[in-house]
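Just below is one structure, and these are the notes that go with it.
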Amino acid sequence: MLGFSYLQVAYLLIYVDDIILTASCPALLQQIIGSLNNEFDMTDLGALNYFFGISANRTPTGLFLSQRKYALQVLERAHMVTCNPSRIPIDMESKLGPEGAPNQDPTCDSCLL
Numbered sequence: 007m008l009g010f011s012y013l014q015v016a017y018l019l020i021y022v023d024d025i026i027l028t029a030s031c032p033a034l035l036q037q038i039i040g041s042l043n044n045e046f047d048m049t050d051l052g053a054l055n056y057f058f059g060i061s062a063n064r065t066p067t068g069l070f071l072s073q074r075k076y077a078l079q080v081l082e083r084a085h086m087v088t089c090n091p092s093r094i095p096i097d098m099e100s101k102l103g104p105e106g107a108p109n110q111d112p113t114c115d116s117c118l119l
């Protein structure tokens, strides 16, 4: 019967000129970083904090990913930073009709998606 040895795994995520690298053991991670440094001029920024609009915070139970900063930017673009949150995103009493005020920027809604 063949025995299994410990399998080492590394994940490399590349987006334009940014890289996220993680590995199953610190030795493998350092080996890959060293190899990349030999081939490319790069800077190791240490543990992941923020990448492509997503903040990453380590917790005792794992990694917490959040898009809070992105959500706040969307609210700023929509001029809704000072609005109060609601469980239902529409006023149930409002009556929509032709007498309603027109949208000042009809492209704004689509840019928020």
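Per our numbering, residue 7 is the first one in the sequence shown, and the count goes up by one each step. Glycine included, C-beta positions come from ideal geometry on N, C-alpha and C.
Can you look up residue i in the DSSP assignment and give me helix, strand or coil?
| i | result |
| --- | --- |
| residue 93 | coil |
| residue 51 | coil |
| residue 72 | strand |
| residue 27 | strand |
| residue 14 | coil |
Do you know offhand how far residue i's Cα is from residue j's?
| i | j | result |
| --- | --- | --- |
| residue 55 | residue 89 | 29 Å |
| residue 72 | residue 35 | 25 Å |
| residue 27 | residue 80 | 29 Å |
| residue 33 | residue 74 | 33 Å |
| residue 43 | residue 85 | 44 Å |
| residue 109 | residue 19 | Residue placement at residue 109 is flagged as unreliable, the pLDDT there being 49, under the threshold of 50; a coordinate-derived value is accordingly withheld. |
| residue 38 | residue 94 | 49 Å |
| residue 25 | residue 12 | 26 Å |
Residues in the same chain with beta-carbon distance under 6 Å from residue i, minus the five sequence neighbours each way, listed in chain order, please.
| i | result |
| --- | --- |
| residue 30 | 14 and 15 |
I'd like the list of long-range same chain contacts for residue i, defined as Cβ closer than 7 Å, with 5 residues on each side in sequence excluded.
| i | result |
| --- | --- |
| residue 76 | 59 |
| residue 69 | 62 |
Task: Stretch-stretch touch, CB-based, cutoff 8 Å, three pairs: the stretch 40–49 with the stretch 61–68 - done: no
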